[in-house]
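Sequential numbering from 1 applies to the sequence shown in our numbering.
Quick reminder that beta carbons are idealized off the backbone N, C-alpha and C, glycines included.
These numbers come from a predicted model, not from an experiment.
Report on the structure given below.
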Amino acid sequence: MTCSRNVPLLMLCLFTSIAIGQAGKNHLAGPTAATPIDVLHYKIDIALDMTSGLLEGRVTMTARMTAAANAIPVNAVMLEIDHVTVDGETWSITTDSSEESVVVLAPGAGRAAGDTVVIAVDYRRLPGFPRPGGRWGYYFFTDSIGVPANLGYTMSEPSDARFWMPCVDAPADKATAELHVTVPAGYVVASNGRFAGATSGAGGLVTWHWTESHPIATYLLAVTVSKFAVSTLPFVRAVQDTVPLQYYVWPPDSAACAAYLPTVDSMMTALSGLFGPYPFDKYGMTGVVPFGYGGMEHQTITTLNRYVETDEKVVVHELAHQWWGDLVTCGTWKDVWLNESFATYAEALWRETQGGRPALRRYMHDELEHFYFGSWQGGPYDPEGQGFNLFDDVVYSKGAWVLHTLRGVIGDSLFFRSLARYRSVYGGRSAVTDDFRSVVDSVTGRSMENFFDEWVYGKGWPVYASTFVWASDTLTVRVTQEQAADWPTFTVPLHVRAASASRDTLFTITPGGRIAVVRVPLSFVPSSVVLDPDSLVLKQIVAPAGIAAEPARPETFSLAQNYPNPFNGTTHISYSLPEDASVDLAVFNVLGSCVARLAGGREYAGEHTVRFDASHLASGVYYLRLRAGAQSDVRRMMLIR
Ligand SMILES: [Zn+2]
1 MTCSRNVPLL
11 MLCLFTSIAI
21 GQAGKNHLAG
31 PTAATPIDVL
41 HYKIDIALDM
51 TSGLLEGRVT
61 MTARMTAAAN
71 AIPVNAVMLE
81 IDHVTVDGET
91 WSITTDSSEE
101 SVVVLAPGAG
111 RAAGDTVVIA
121 VDYRRLPGFP
131 RPGGRWGYYF
141 FTDSIGVPAN
151 LGYTMSEPSD
161 ARFWMPCVDA
171 PADKATAELH
181 VTVPAGYVVA
191 SNGRFAGATS
201 GAGGLVTWHW
211 TESHPIATYL
221 LAVTVSKFAV
231 STLPFVRAVQ
241 DTVPLQYYVW
251 PPDSAACAAY
261 LPTVDSMMTA
271 LSGLFGPYPF
281 DKYGMTGVVP
291 FGYGGMEHQT
301 ITTLNRYVET
311 DEKVVVHELA
321 HQWWGDLVTC
331 GTWKDVWLNE
341 SFATYAEALW
351 RETQGGRPAL
361 RRYMHDELEH
371 FYFGSWQGGP
381 YDPEGQGFNL
391 FDDVVYSKGA
401 WVLHTLRGVI
411 GDSLFFRSLA
421 RYRSVYGGRS
431 AVTDDFRSVV
441 DSVTGRSMEN
451 FFDEWVYGKG
461 WPVYASTFVW
471 ASDTLTVRVT
481 QEQAADWPTF
491 TVPLHVRAAS
501 ASRDTLFTIT
511 PGGRIAVVRV
521 PLSFVPSSVV
531 LDPDSLVLKQ
541 IVAPAGIAAE
551 PARPETFSLA
561 QNYPNPFNGT
571 THISYSLPED
581 ASVDLAVFNV
591 LGSCVARLAG
601 GREYAGEHTV
611 RFDASHLASG
621 VYYLRLRAGA
631 QSDVRRMMLI
641 R
């Protein structure tokens, strides 16, 4: 899905003026009924009244019992249920609103584990809004609001399929599906999978048949109906194997969309080259408005906001979801980054196929770098658990940067081999974050646990400050991590490029912890030294790198008086080391207890300054002690509030 922030302002204004409620703001993952069935197949027979908005019909689930039970919860909200049969026998129902489900109750003994059951539910979804929290599932508009024809469509992600069809509404329970949708003649029904014909019935009604033979999650099922014009371009997947690319849009948009199909064909070629052959039987796009989103990647039949029907970014994003989200589906909504980060990174990969590394780099920085977004401070895994919206930017552009960083760490070959194996192992199924990590582990032959802990489950990003000193054929690189104290430190490898007018060399360092000092042999005096010159890693760099051809080496060991002093909150402390030394710089209160440790470990010869934040300490006298090798010195400081 692409959220509405990707949609031009004009359209958002239109939304406001026609007041479609809270759509686009609420993306709550609802509870999945704890049910003893695994659905194998959905048969959806529904009729849509294109004047009133009534939706009614029957959903038939063929399922396997995963445990013995005489009560079967099925997700359904605000649906009027007339009748339920299990294997042709009438069962009763009760409602469990806390689980957003109805519970189908056996009149007798129920069913045993391993049994196959056929559950048929006759139901109706009454017209009208609102549904609670803007969770409508099925949207219906008439041409009275200014659109070219009456319009009905489903929009279910993450947990709203239950508002238009009884189902087991969990992204991990995928099933095959067939949809038989009856509408008045003149309307066109776009849906999932392969078109299997349309049959005319009584009363000027036509039933459209669609078959999805590939497993599909309920939130990816879609029915979109209006008086659409259809454009088709065959995409050649392999010798004697073509897949139709299609637009279902209103006639005024048809020529522009048909003209855009060759670009979609190019995207399909590019993404197939990156991710493997397109996995489904067709790829269609419908254009609708009002729509509270940019696009939604319904399997084989993306729904696009009419205002971005041919927007490159949205079109390639939803197309990429066919691999990442639809073929391989997030196992739970905590794993939604496995859908969204991948589709967002695919936007950048598409640019890379068109313009090489410079285009990739430009897109990553210009389009996907949002340090100022609040949710960026979190990690891509489980946004709701961190207090963010399920579809917050942390799972889009920050997650894309995390994937880009993973690619930088393991290299192009292992990165794309990891994607290929992830597809081959989990295609047609769902995967959780640790499944993806295990795939990367197995392809790279090493544990990626640290990487995932820091970048996927952890929060923040590295904020590096660096200095470089060259002397005696040695470059000393000092990298500090300046990010917030409650963020982790990162141990990602970084490229460093050192160059002079005539020489250029690239080497890799892996700075870990708050302070890291690395020495590398370098036989020339560099005129520039750049950290991560190819932008392979998500990071911020705060202090400009300083370069000295000759290090200023102090004559003596010294600890200067802090400044300012007395101080209120923060102060600075400088010291000089004539030689590299193991240092310990600590602050003590008048009772001799250590209240802060400001530096520790191996430091190189030179001048050093650290900032001391005493905002958590009481007013009074404190003592600063520096030890370096065998030498030490003490200063008295005064904190006044
Ligand atoms: Zn998306």
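Subject >> Range of the contiguous beta strand (DSSP E) that encloses His317 >> reply: As a working note, residue 317 is residue 317 in the sequence shown. From DSSP, His317 is part of no beta strand (DSSP E) but of the alpha helix (DSSP H) over Glu312 to His321.
Original post:
DSSP on Pro166, reduced to helix/strand/coil?
Top reply: What you label residue 166 is simply residue 166 of the sequence shown in a count that begins at 1. Of the three classes helix, strand and coil, the one that applies to Pro166 here is coil, per DSSP.
**OP:** Check whether the Cβ of Glu642 sits closer than 7 angstroms to any heavy atom of ligand 1, and report yes or no.
**Re:** Limits of the chain in this structure are 1 at one end and 641 at the other, which puts residue 642 out of reach.
**OP:** Give a yes or no on whether the C-beta atoms belonging to Leu274 and Leu349 are separated by under 8 angstroms.
**Re:** On the sequence shown, position 274 is the one that residue 274 refers to. On the sequence shown, position 349 is the one that residue 349 refers to. Yes; because the gap between Cβ atoms is below 8 angstroms, this pair is in contact.
Original post:
Residues in its own chain within less than 6 angstroms of Tyr396 by CB, not counting five upstream and five downstream?
Top reply: Counting from one through the sequence shown, the residue named residue 396 turns up at place 396. Taken in chain order, the residues that qualify are Glu340 and Thr344.
**OP:** Assuming Val288 contacts Thr232 (C-beta within less than 8 angstroms), just tell me the rounded distance between them.
**Re:** Residue numbering aside, residue 288 sits at position 288 when the sequence shown is read from its first letter. Residue numbering aside, residue 232 sits at position 232 when the sequence shown is read from its first letter. With a Cβ gap of about 19 angstroms, Val288 and Thr232 do not count as contacting.
**OP:** Let me know the secondary structure DSSP gives Ser576 once reduced to three states.
**Re:** What you label residue 576 is simply residue 576 of the sequence shown in a count that begins at 1. Ser576: strand per DSSP, three-state reduction.
Original post:
Comparing the CB of Asn389 with every heavy atom of ligand 1, is any distance shorter than 7 angstroms?
Top reply: One-based indexing of the sequence shown puts residue 389 at position 389. It does not: the Cβ of Asn389 is nowhere closer than 7 angstroms to a heavy atom of ligand 1.
Original post:
Which residues are close to ligand 1, meaning CB closer than 5 angstroms to any heavy atom, in chain order?
Top reply: Met1, Glu340 and Ala343
**OP:** With DSSP collapsed to three states, give me the class of Gln240.
**Re:** Counting from 1 along the sequence shown, the entry for residue 240 is found at position 240. Coil, per DSSP.
Subject >> Leu338 - DSSP class collapsed to helix/strand/coil >> reply: To locate residue 338, count along the sequence shown from 1; it is residue 338. If DSSP states are grouped into helix, strand and coil, Leu338 belongs with the helices.
Original post:
At which residues does the beta strand (DSSP E) containing Trp208 begin and terminate?
Top reply: On the sequence shown, residue 208 is found 208 positions in, with the first residue counted as 1. Taken as a continuous stretch (DSSP letters only), the beta strand (DSSP E) holding Trp208 covers Leu205 to Ile216.
Original post:
Does DSSP classify Ser159 as helix, strand or coil?
Top reply: Residue 159 sits at position 159 when you count from the first residue of the sequence shown. Looking at Ser159 - three-state DSSP - the assignment turns out to be coil, as it is neither helix nor strand.
Original post:
Does the distance from the C-beta atom of Val517 to that of Tyr604 stay below 8 angstroms?
Top reply: On the sequence shown, residue 517 is found 517 positions in, with the first residue counted as 1. On the sequence shown, residue 604 is found 604 positions in, with the first residue counted as 1. Yes, these two residues count as a Cβ contact at 8 angstroms.
**OP:** Identify which residue in Tyr464, Val440, Thr489 and Asp441 has its Cα closest to the Cα of Gly458.
**Re:** The sequence position of residue 458 within the sequence shown is 458, counting from 1. Checking every option, the nearest Cα to that of Gly458 belongs to Thr489.
Original post:
Got a sec? Which residues, its chain only, sit under 6 angstroms from Val425 by beta carbon, not counting five neighbours each side?
Top reply: Stepping through the sequence shown from its first residue, residue 425 is reached at position 425. Excluding sequence neighbours, Val425 sits near nothing in its chain.
Subject >> Range of the contiguous beta strand (DSSP E) that encloses Pro73 >> reply: Indexing the sequence shown from 1 puts residue 73 at position 73. It spans Ala71 to Asn75 - the beta strand (DSSP E) in which Pro73 sits, taken as one unbroken run.
Original post:
Using 8 angstroms as the threshold, is the stretch 460–475 in touch with the stretch 380–387, meaning 3 or more CB pairs across them?
Top reply: Verdict: no, contact absent.
Original post:
DSSP state of Ile44, grouped into three classes?
Top reply: Locating residue 44 in the sequence shown gives position 44, where the first residue counts as 1. Ile44 falls in the strand class under three-state DSSP.
Original post:
In chain order, what residues of the same chain lie with their CB nearer than 6 angstroms to the CB of Gln481, ignoring the 5 residues before and after it?
Top reply: By 1-based counting over the sequence shown, the position of residue 481 is 481. Contacts found: Pro462, Thr489 and Arg514.
Original post:
Skipping 5 residues on each side, what residues in its chain have a beta carbon closer than 6 angstroms to that of Gly512?
Top reply: Position 512 of the sequence shown, counted from the start, is the residue given in the question as residue 512. Closer than 6 angstroms at the Cβ level, and outside the excluded window around Gly512, lie Thr491.
**OP:** Could you say which of Asp434, Val530, Gln377 and Val587 lies nearest to Asp486 if we only look at CA atoms?
**Re:** Along the sequence shown, read from residue 1 onward, the residue named residue 486 stands at position 486. Selected option, being the one with the closest Cα: Gln377.
Subject >> Contacting residues, own chain, Cβ-Cβ under 6 angstroms from Ser52 (five flanking each side not counted) >> reply: On the sequence shown, residue 52 is found 52 positions in, with the first residue counted as 1. The answer, listed in chain order, is Pro127.
Original post:
Between Phe371 and Gln540, which are expected to be in contact by the criterion C-beta below 8 angstroms, what is the C-beta distance as a whole number of angstroms?
Top reply: In the sequence shown, counting from the first residue as 1, residue 371 sits at position 371. In the sequence shown, counting from the first residue as 1, residue 540 sits at position 540. About 6 angstroms; that satisfies the 8 angstroms criterion.
Original post:
Can Gly600 and Asp584 be called in contact, C-beta distance under 8 angstroms?
Top reply: What you label residue 600 is simply residue 600 of the sequence shown in a count that begins at 1. What you label residue 584 is simply residue 584 of the sequence shown in a count that begins at 1. Yes; because the gap between Cβ atoms is below 8 angstroms, this pair is in contact.
**OP:** My understanding is that Glu318 touches Gly295, with C-beta atoms under 8 angstroms, so please give their C-beta distance in whole angstroms.
**Re:** One-based indexing of the sequence shown puts residue 318 at position 318. One-based indexing of the sequence shown puts residue 295 at position 295. The pair is a contact, with the Cβ atoms about 4 angstroms apart (cut-off 8 angstroms).
Original post:
On the three-pair Cβ rule with 8 angstroms, is the stretch 184–201 touching the stretch 91–106?
Top reply: Because the criterion of three Cβ pairs below 8 angstroms is not met, the stretch 184–201 and the stretch 91–106 do not touch.
Original post:
Which residue from Asp473, Val104, Val432 and Leu79 puts its Cα closest to that of Glu89?
Top reply: Residue numbering aside, residue 89 sits at position 89 when the sequence shown is read from its first letter. For the residues Asp473, Val104, Val432 and Leu79, the minimum Cα distance to Glu89 belongs to Val104.
**OP:** Measure the CB-CB distance between Val74 and Pro166 and report whether it falls below 8 angstroms.
**Re:** Along the sequence shown, one-based indexing puts residue 74 at 74. Along the sequence shown, one-based indexing puts residue 166 at 166. It is a contact, given that the beta carbons lie within the stated cut-off.
Original post:
Quick one, which of Pro566, Ile573, Asn192 and Leu617 has its alpha-carbon nearest Asn589's?
Top reply: Position 589 of the sequence shown, counting from 1, holds the residue named residue 589. The residue with the shortest Cα to Cα distance from Asn589 is Leu617.
**OP:** Indicate the three-state DSSP secondary structure (helix, strand or coil) for Arg514 in the structure shown.
**Re:** For the purposes of this step, residue 514 is taken as residue 514 along the sequence shown, with counting starting at 1. In the structure shown, Arg514 sits in coil (DSSP, three-state: anything other than H, G, I, E or B).
**OP:** Quick one: measure Cβ to Cβ for Ala63 and Asp38, integer angstroms, because I've assumed they're closer than 8 angstroms.
**Re:** For this step, residue 63 is matched to residue 63 along the sequence shown. For this step, residue 38 is matched to residue 38 along the sequence shown. The Cβ separation is near 6 angstroms, so the contact holds.
Original post:
What's the C-alpha gap between Ala499 and Pro526?
Top reply: Start at 1 with the first residue of the sequence shown, and residue 499 comes out as number 499. Start at 1 with the first residue of the sequence shown, and residue 526 comes out as number 526. Their Cα atoms are separated by approximately 5 angstroms.
Original post:
Cβ of Glu212 versus every heavy atom of ligand 2: is any distance shorter than 7 angstroms?
Top reply: For ligand 2, the structure offers nothing, since it holds only ligand 1.
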